[in-house]
Amino acid sequence: MQKRARINAAIVMSIIILWLMIPLGATAVYSLFEDWTGIVPRGFTLANYKTIFTDTAFLSAMYQTVLICVIPILITIAVMLLALFTVTVYFPKLEKYMQLLCMIPYTIQGVILSVSILILYARNDSVLSQRMVMLMGAYCIIILPHIYNGIRNGMRAINMKMLLDAAEMLGESKLKAFFKVIVPNIMTGIIVSSLLAVALLFGDYVIIRNLSSANVNNMQQFLYQAMKRSSTEASAVSMVIILITFAITALVLALQSRGMLEKMRNEGK
Amino acid sequence: MSYICFEKINKKFGTNHVLKDIELDVEKGQFVTLLGPSGCGKSTLLRCLSGLEQVTSGRIYLDGEDITAVTPRHRGIGMVFQQYSLFPNLSVRRNVAYGLKLKRLPKAEIDQKVEEMLSIVGLSDKIDQYPAQLSGGQQQRVALARAMVTAPKVLLLDEPLSAIDALLRKSLQIEIRRIQQQLGITTIYVTHDQDEAMIMSDVINLFHDGKIEQTGTPEQIYTRPATRFAATFIGNYNLLDAKDFNRAFGTAIPQPEVAVRPEIINLSRQAVAKGEGLLVAEGKIASYISHGNLIRFSVDVNGLLINADVLFEDKREFAQGDQVFVTIKEDLVIGLQ
Ligand SMILES: Nc1ncnc2c1ncn2[C@@H]1O[C@H](COP(=O)(O)OP(=O)(O)O)[C@@H](O)[C@H]1O
Ligand SMILES: [Mg+2]
Numbered sequence: 000m001q002k003r004a005r006i007n008a009a010i011v012m013s014i015i016i017l018w019l020m021i022p023l024g025a026t027a028v029y030s031l032f033e034d035w036t037g038i039v040p041r042g043f044t045l046a047n048y049k050t051i052f053t054d055t056a057f058l059s060a061m062y063q064t065v066l067i068c069v070i071p072i073l074i075t076i077a078v079m080l081l082a083l084f085t086v087t088v089y090f091p092k093l094e095k096y097m098q099l100l101c102m103i104p105y106t107i108q109g110v111i112l113s114v115s116i117l118i119l120y121a122r123n124d125s126v127l128s129q130r131m132v133m134l135m136g137a138y139c140i141i142i143l144p145h146i147y148n149g150i151r152n153g154m155r156a157i158n159m160k161m162l163l164d165a166a167e168m169l170g171e172s173k174l175k176a177f178f179k180v181i182v183p184n185i186m187t188g189i190i191v192s193s194l195l196a197v198a199l200l201f202g203d204y205v206i207i208r209n210l211s212s213a214n215v216n217n218m219q220q221f222l223y224q225a226m227k228r229s230s231t232e233a234s235a236v237s238m239v240i241i242l243i244t245f246a247i248t249a250l251v252l253a254l255q256s257r258g259m260l261e262k263m264r265n266e267g268k
Numbered sequence: 000m001s002y003i004c005f006e007k008i009n010k011k012f013g014t015n016h017v018l019k020d021i022e023l024d025v026e027k028g029q030f031v032t033l034l035g036p037s038g039c040g041k042s043t044l045l046r047c048l049s050g051l052e053q054v055t056s057g058r059i060y061l062d063g064e065d066i067t068a069v070t071p072r073h074r075g076i077g078m079v080f081q082q083y084s085l086f087p088n089l090s091v092r093r094n095v096a097y098g099l100k101l102k103r104l105p106k107a108e109i110d111q112k113v114e115e116m117l118s119i120v121g122l123s124d125k126i127d128q129y130p131a132q133l134s135g136g137q138q139q140r141v142a143l144a145r146a147m148v149t150a151p152k153v154l155l156l157d158e159p160l161s162a163i164d165a166l167l168r169k170s171l172q173i174e175i176r177r178i179q180q181q182l183g184i185t186t187i188y189v190t191h192d193q194d195e196a197m198i199m200s201d202v203i204n205l206f207h208d209g210k211i212e213q214t215g216t217p218e219q220i221y222t223r224p225a226t227r228f229a230a231t232f233i234g235n236y237n238l239l240d241a242k243d244f245n246r247a248f249g250t251a252i253p254q255p256e257v258a259v260r261p262e263i264i265n266l267s268r269q270a271v272a273k274g275e276g277l278l279v280a281e282g283k284i285a286s287y288i289s290h291g292n293l294i295r296f297s298v299d300v301n302g303l304l305i306n307a308d309v310l311f312e313d314k315r316e317f318a319q320g321d322q323v324f325v326t327i328k329e330d331l332v333i334g335l336q
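Chains as they are written, first to last, in numbering that gives the first Met the number 0: chain A, 0 to 268; chain B, 0 to 336.
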């Protein structure tokens, strides 16, 4: 009985997965053939991939995109670590307010966020009016809840206050102890949440379109240009973006299950 | 002046007055326990001494120096915590070496001290393992080594064994005491377990509601509880209304309440003569509970229920309803205010 139910569940799941994979598969096929006007595609070719990977514009777009993702993530991690350290150690009563603040970005739509930022800062003549700064600032806001949760959960899993007390009794200052003892122990959590953030930012189109000026050459812009040139080439670009996102997600899952295994092993003792 | 002096220590958390005018002296090399029920302020007093908490008022002296305002890392105090507090990302060796490295000792000296301390706590073979690979008892022994290796002026232990199962706890109590005596290190130990305090301490400070209720050697605390709280917390004292007790035994104890230990009460079938310093009364066995090595009989003496312990040798001597004579040495009866 149970076995049958499991088989049924597996069949349903497979159908759903297949259904969801159809557009993905179609895009992949489309990017790999010269012509798909009939029922069966004709003329297998890797030319599209060859074109984009030899196109310096593509490589520089890739580089830009990575930069636009990585810098906000690093900034957010640094700010969050210091903020959480200060709040946990010196102002534990403010913790719930901090949590509230860090969760607000979950509720903000990308369109509203980018338009609000534009209205607020575009006419400002400080450094804040620069498109790149606005974009990265917006990205910091978008990923804030994820980074917050990653670090916060890591801190919950260890007894941070007591480890800091122990280090202090051994002669260490609190801040140094934080970076020597606490941060290494929550590294997995930090990495996982940064990778999630990368995946999130890679998939963004709305904010980058609204905030980046025409001269910021990133993957989404490149995709847009490619679409005008050739639809098969655009498919190849989409596939590359999807595969990168997949790779990142797989890495996250691997890291998470490793963390889980470690935990199980420790609890088994 | 004593090695450690607490002078009129008060500590408040908001409106919660946790420590109330604590006065406490500790001599060099002593093993001193703070014993009391949970929530009475033992950890708070320990944390005030370590500097992890600030006192609200009062002064603390260590080795002749006023340390009230000194930061924790400059007090030269070692501490072992209730929960496992080893650094999970460092091996046993690097955990124990942590404090020595901060003192910038040469590497060879650090290695030698770490190895020596680990051999004292009996964990030389675990030196390259990580905390997660150790049992709870082993982790606490590493924590002890880590706290002692820097040769602190005082060692503080805050219920270090409370998370460890009973059998292992007993052997670790003896081991900690042995190490403390071997190194002659002044130690303050917090516990809520009276057996633990009795086994380990030179001096016990009985804590109650933010105050020190009684200070003394384990024997003094056990045989001469000074207050009602002490008598309820320590041992299994019978607490009896003095008027009823005087009527039953024909005495004239002036205090309102008396405390009598069950193990000094003698039960017998034969009549016992009221001798010099002996209190005798007749009663009836109301009930009994077997505790393994002894049987605790509840005896009804004129409506006064008294617990008496009898060592269990080969068979239970009395049954429910048996008539017995109850004998108590008069000087072991304690009057309580
Ligand atoms: N950091 C703190 N903030 C507020 N109240 C505290 C804090 N630490 C302890 N307390 C309070 O002080 C009292 C004594 O606690 P504690 O010293 O831990 O007791 P014990 O160690 O004897 O069990 C308790 O009522 C506890 O709630
Ligand atoms: Mg405590």
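Quick reminder that beta carbons are idealized off the backbone N, C-alpha and C, glycines included. Keep in mind it's a predicted model, so treat the numbers as computed, not measured.
Beta-bridge pairing by DSSP links B:Val257 to B:Leu239, B:Gly334. Put simply, the CB of B:Phe86 is near chain A, with a gap under 9 Å to one of its CB atoms. In this structure, the straight-line span from the alpha carbon of A:Met20 to that of A:Met79 is close to 37 Å. In terms of beta-carbon proximity, A:Gly170 lines the interface with chain B, with at least one pair separated by less than 9 Å. A straight line joining the alpha-carbon of B:Lys19 with that of B:Ala144 spans about 33 Å.
Residues Leu93, Glu94, Met97 of the same chain have their beta carbon placed closer than 7 Å to that of A:Val86, with the five preceding and five following residues left out of the count. The C-beta separation of A:Met159 from A:Thr26 comes to about 46 Å, leaving the pair out of contact by the 8 Å criterion.
Scanning A:Thr64, A:Leu199, A:Ala121, A:Asp124 for the CA closest to the CA of A:Gln219 turns up A:Thr64. B:Phe244 and B:Val257 have their C-alpha atoms some 8 Å from each other. For B:Arg168, the enclosing alpha helix (DSSP H) has its first and last residue at 165-182. Annotated three-state conformation of B:Ser200 is coil, per DSSP.
The beta carbon of B:Gly98 sits closer than 9 Å to some beta carbon of chain A. Just measuring C-alpha positions, the residue of A:Ser230, A:Leu194, A:Ala137 sitting nearest A:Ala246 is A:Leu194.
With contacts defined as CB atoms closer than 9 Å, B:Leu160 and B:Met78 fail to qualify as a contacting pair.
B:Ser42 and B:Ser49 have their C-alpha atoms spaced approximately 10 Å apart. The Cβ of B:Gln82 sits closer than 9 Å to at least one Cβ of chain A. With contacts defined by Cβ atoms closer than 9 Å, A:Leu31 and A:Leu17 do not form a contacting pair.
Across the stretch 263-275 of chain B, no CB contact with chain A closer than 8 Å is found for any residue.
The nearest non-hydrogen atom of ligand 1 is less than 8 Å from the C-beta of B:Glu52. Per DSSP, reduced to three states, the secondary structure at A:Thr244 is helical. A Cβ-Cβ separation of about 5 Å places B:Phe311 in contact with B:Leu293 under the 8 Å criterion. If you draw a straight line from the Cα of A:Val205 to the Cα of A:Ser192, it is about 22 Å long.
DSSP places A:Ile16 in the helix class (H, G or I) of the three-state scheme. Look at the beta carbons and you see the stretch 219-234 of chain A not touching the stretch 180-187 of chain A: under three pairs across the two are nearer than 8 Å.
Excluding its 5 nearest sequence neighbours in each direction, B:Ile288 has C-beta neighbours in its own chain below 6 Å: Arg295, listed in chain order. Using a Cβ-Cβ cut-off of 9 Å, A:Leu199 does not count as an interface residue toward chain B, since no Cβ of chain B sits closer than that to its own. B:Ile76 belongs to the set of residues whose beta carbon lies under 9 Å from a beta carbon in chain A. Excluding its 5 nearest sequence neighbours in each direction, A:Leu162 has C-beta neighbours in its own chain below 6 Å: Val180, listed in chain order. Taking a Cβ-Cβ threshold of 7 Å, none of the residues of chain B is close to A:Glu94; the smallest such distance is about 17 Å. Not one beta carbon of chain A lies nearer than 9 Å to the beta carbon of B:Pro253. By the Cβ neighbour-count rule, A:Asp203 is buried, with 16 or more other Cβ atoms within 10 Å of its own. For the pair A:Ala176 and B:Ser84, the CB atoms are not nearer than the 9 Å cut-off. Those residues of the stretch 172-192 of chain A placed with their C-beta closer than 8 Å to a C-beta in chain B are Ser172, Val180, Pro183, Asn184, ordered along the chain. The C-beta distance from B:Leu23 to B:Ile203 rounds to 12 Å, too long to meet the 8 Å contact threshold. Leaving aside the five residues that flank A:Cys101 on each side, the residues in its chain whose CB is nearer than 7 Å to its CB run, in chain order, Leu143, Pro144, Tyr147. Looking from the CA of B:Asp192, the closest CA among B:Met116, B:Glu64, B:Gly302, B:Ala162 belongs to B:Ala162.
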